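Reviewing the structure listed below.
In UniProt numbering, the protein residues as written are 1 to 236.
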């Protein structure tokens with residue numbers, strides 16, 4: 001049974017011979033009741049405080065649990081992020097290595113192609129130089145031949161000029177002698193034939209003259225082809 005301050009105050013004791021003083025006992029009981037009441041009030045206050053502290057403690061425990069859970073999740077996330085970052089870094093590194101190897105291979109292939117092209121260009125250059133040297137040598141030889149031919153041609157022209165000049169001096173005498181003998185040949189032909197028909201030897205003379213003109217023209221053309229000059233101008 002729970003004891004209250006009122007129960008203490010109303011507590012009665014049996015009297016006996018030579019017992020305690022009633023007034024002192026009642027006074028002491030009142031004092032005990034008051035102290036008990038004060039203790040009860042303190043106890044209630046403390047119980048309230050304890051309840052509040054317990055509630056606060058539960059709150060802190062919940063907070064702690066939440067923090068621990070959050071910290072755990074953060075750690076898990078951090079580890080996962082770290083692993084992911086490591087995987088990504090490894091993947092990036094591998095991709096970089098693959099790209100670097102590919103770039104190196106491409107560069108080597110390009111260098112090989114450039115070397116082949118350079119060798120081809122060098123070969124073409126050497127071939128062109130050889131051809132140019134041969135062409136220049138041929139041109140120089142041709143120039144020397146032409147210079148030699150020009151000198152020989154000049155000599156031949158000089159000799160021909162002298163020969164033709166000598167022939168030219170002899171031509172008038174032959175022409176005069178031909179003119180003197182020509183009438184003697186014509187007179188017998190006219191005396192023999194009485195009709196108006198032309199004499200037979202006349203076409204032969206014209207034909208001979210035409211043949212001489214053709215030969216003369218051929219000689220002039222041949223001279224012009226060889227020496228590049230007109231025969232008549234050369235003989236003047």
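Built from N, CA and C at the ideal position, the CB exists for glycine as well.
These figures come from a predicted structure and were not determined experimentally.
Note down the Cα distance separating residue i from residue j, rounded to an integer number of angstroms.
i, j, result
"residue 55", "residue 47", "12 Å"
"residue 44", "residue 35", "14 Å"
"residue 147", "residue 129", "26 Å"
"residue 39", "residue 25", "21 Å"
"residue 67", "residue 75", "12 Å"
"residue 88", "residue 127", "57 Å"
"residue 115", "residue 131", "24 Å"
"residue 80", "residue 120", "59 Å"
"residue 144", "residue 124", "29 Å"
"residue 98", "residue 78", "29 Å"
"residue 197", "residue 154", "Unreliable placement is indicated for residue 197, whose pLDDT of 44 sits below 50; the coordinate value is still reported in the next sentence. In a straight line, the C-alpha of residue 197 is about 54 Å away from that of residue 154."
"residue 103", "residue 92", "16 Å"
"residue 140", "residue 107", "48 Å"
"residue 117", "residue 109", "12 Å"
"residue 133", "residue 122", "16 Å"
"residue 61", "residue 53", "12 Å"
Among the residues of its own chain, which have a CB less than 6 Å from the CB of residue i, if the five just before and after it don't count?
i, result
"residue 64", "none"
"residue 70", "none"
Is residue i near residue j, with beta carbons less than 8 Å apart?
i, j, result
"residue 23", "residue 8", "no"
"residue 29", "residue 41", "no"
Going by the C-beta, is residue i closer than 7 Å to any heavy atom of the ligand FMN?
i, result
"residue 79", "Although the ligand FMN was asked about, the structure shown includes no ligands whatsoever."
Closer than 7 Å by C-beta to residue i: which residues in its own chain qualify, once you throw out the five before and the five after it? Chain order, please.
i, result
"residue 101", "none"
"residue 27", "none"
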